[in-house]
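Following: one structure in structure tokens, then a few remarks.
2 protein chains.
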Amino acid sequence: MAVKKAVCLLSGGLDSSTCLGVARREGYECYALSFDYGQRHRYELEAAARVAREMGVREHRVVAIDLRQFGGSALTDSGLAVPKGRSGDEMSAGIPVTYVPARNTVFLSLALAWAEAIDARDIFLGVNAIDYSGYPDCRPEFIEAFTRMANLATRVVEGGEGFRIYTPLIAMTKGDIVREAVRVGLDPAWTHSCYDPDEQGRSCGRCDSCLLRLKGFAEAGVADPARYQDQ
Amino acid sequence: MAVKKAVCLLSGGLDSSTCLGVARREGYECYALSFDYGQRHRYELEAAARVAREMGVREHRVVAIDLRQFGGSALTDSGLAVPKGRSGDEMSAGIPVTYVPARNTVFLSLALAWAEAIDARDIFLGVNAIDYSGYPDCRPEFIEAFTRMANLATRVVEGGEGFRIYTPLIAMTKGDIVREAVRVGLDPAWTHSCYDPDEQGRSCGRCDSCLLRLKGFAEAGVADPARYQDQ
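Those sequence lines, one after another, are chains A and B.
For the first sequence, position 120 (counting from the first letter as 1) is numbered 120 according to the numbering used here, and the numbering increases by one without interruption.
For the second sequence, position 144 (counting from the first letter as 1) is numbered 1144 according to the numbering used here, and the numbering increases by one without interruption.
In structure tokens:
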């Protein structure tokens, strides 16, 4: 039987790293794709490289695409503050300032380009629609619409196999994701979640991403190996 | 009345330049977007800058995104030959080697990111489904699917105005496009179409793009100001 190839979007955070682990468990040969898009810090990309290496991917590519030039997000614009200490209700009340315009659309488009070039049909994306920060491009209806578009965009042979986008974490709570991470052999210490780490790479513990991560470890009853600034 | 803003994808070829002219005629303030994606030559980007300047766009951005790293196209891989001298039937028989994997998907995604950031709702794309080279991402059904996806991907307010993708050339022949170019005040001498120009920037006259361009000028009864290698 031919090897099944998958392109796995990998930010270096807990979710995308767990998602990569799921793809590996399902028997895929994994091609991990990360983006140097002008993030405020480099810890994410270091984590992505570590996870890719430890999880034994076939290839890890980091594509440079400067999303800062479009502005509009606290994740790429150091002039905008990352919100801290928000409650779950506040997070789900609207789209936050950390939203990067059309980010998942851009990332999935480039994953599609790579998948088409290496003749892979499966793309893994670690989005989550339960414990999430209110980003519109994490919802199942977005994923379905992207898949439909992808199969019209590309040179897929009439009647041949189409592209599929797998989002194995989409209906999980953060606690479920931590448990799944452990099951797929991911050491959470390899990952980085914080939007706003200090100069030593320690997590702030108070941005949306830290709060969701901490909630997940608490729910799963697992110790979070990340280093926090108040420790 | 508020100024209507449009993001206009601009390669520097005849079609995208004419499309920009249509947006200008419709009263849009135009934000032209080009890509330095690892094309084999720079004449296209020089033409895009010239067209943007002459057509009075509000802003012209050139985004660097290296699509060569995904390989698979004669437009980005100098190891693959650009086909020459193909008939119209040969062009429409299948997807050619000049197809860049998922290119329009990637370009539209980045146009969407910019549009969202500057609060534009309209994107202009000069694709054509009549006299074209068989690229799947030039078809109306692809454009419709992309639009649907875009409106699920972004922070468009419930019930608010959605994104629209305008493809004013999609049903035109190349002859129609040349006539439209003249009507919107575009000087075709500003544009560059050839996939494989020589070192002096002269067009080959035999690649799909040159053949379609020459066909358009012949149909419209207009002299093509491009410099060709056999002249």
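Glycine residues also receive a C-beta, built at the ideal position from the N, C-alpha and C atoms.
Computed from a predicted structure; not experimentally measured.
With its beta carbon less than 8 Å from one in chain B, A/D137 belongs to the interface. Secondary structure of B/A1218 (DSSP, three-state): helix. In this structure, the alpha-carbon of B/V1062 lies about 12 Å from that of B/E1044.
In this structure A/V57 is buried. Its beta-carbon is surrounded by 16 or more other beta-carbon atoms within 10 angstroms.
When the alpha-carbon of A/Y166 is set against those of A/A218, A/R139 and A/E54, the nearest one is in A/R139. Taking a Cβ-Cβ threshold of 8 Å, none of the residues of chain B is close to A/V57; the smallest such distance is about 16 Å.
Every unbroken stretch of the beta strand (DSSP E) spanning 3 or more residues and falling wholly within the stretch 31–88 of chain A is given here in chain order: 59–64.
Shown here for A/L108: same chain residues with a beta carbon closer than 6 Å to its own, the five before and five after excluded, namely F146 in chain order. Taken through DSSP and simplified to helix, strand or coil, B/A1120 comes out as coil.
Using a C-beta cut-off of 8 Å, the stretch 215–230 of chain A makes no contact with the stretch 1001–1010 of chain B, since fewer than three inter-stretch Cβ pairs fall below that distance.
If you compare the alpha carbons of B/I1065, B/V1100, B/F1217 and B/D1066 with that of B/V1082, the shortest gap goes to B/V1100.
Secondary structure note for B/I1130: it is in no alpha helix (DSSP H), with a DSSP letter that is neither H nor E. Judged by their CB atoms, B/N1104 and A/A153 are nearer to each other than the 8 Å cut-off.
Collapsing the DSSP output to three states places B/R1164 in a strand. B/G1216 is a Cβ neighbour of B/V1178, given a cutoff of 8 Å.
In chain A, no part has a C-beta under 9 Å from the C-beta of B/A1129; the shortest such distance is about 12 Å. As a beta-bridge residue in DSSP terms, A/E29 pairs with A/K5. For the stretch 1113–1127 of chain B, the set of residues with a beta-carbon nearer than 7 Å to any beta-carbon of chain A comprises A1113, W1114, E1116 and A1117, in chain order. Taking a Cβ-Cβ threshold of 8 Å, the residues of chain A close to B/M1149 are T105, F142, A145, F146, R148 and M149, in chain order.
Within the model, the alpha-carbon separation for B/P1188 versus B/A1226 is close to 8 Å. For A/A49, none of the residues of chain B pass the 9 Å Cβ criterion, the least Cβ distance being about 17 Å. Nearest CB-CB separation between B/S1109 and chain A: below the 8 Å threshold.
For A/S193, the secondary structure class from DSSP, reduced to helix, strand or coil, is coil. Using beta-carbon distances, B/T1167 does not count as an interface residue toward chain A, since no partner is under 8 Å. Shown here, B/C1204 sits in coil according to DSSP, grouped into three states, outside any helix or strand. The C-beta of A/R68 comes no closer than 8 Å to any C-beta of chain B. C-alpha of B/M1149 to C-alpha of A/M149: approximately 7 Å in a straight line. Taking B/A1115 as reference, the option from B/R1213, B/A1052, B/G1162 and B/V1022 with the minimal CA-CA separation is B/G1162. Chain-order list of chain A residues neighbouring B/P1083: empty, with the shortest C-beta distance near 16 Å, by a criterion of under 9 Å. Shown here for A/S16: same chain residues with a beta carbon closer than 7 Å to its own, the five before and five after excluded, namely L9, L10 and G126 in chain order. Per DSSP, B/V1184 lies in no alpha helix (DSSP H) and is assigned neither H nor E.
Leaving aside the five residues that flank A/R53 on each side, the residues in its chain whose CB is nearer than 8 Å to its CB run, in chain order, H60.
Within the same chain, and ignoring the five residues on either side of B/H1192 in sequence, the residues whose Cβ sits closer than 8 Å to its Cβ are G1012, G1013, Y1043, E1044, E1046, A1047, G1201, S1203 and A1226.
Rounded to whole angstroms, A/G21 and A/R121 show a C-alpha spacing of 18 Å. B/C1194 and A/F35 have their C-alpha atoms spaced approximately 32 Å apart.
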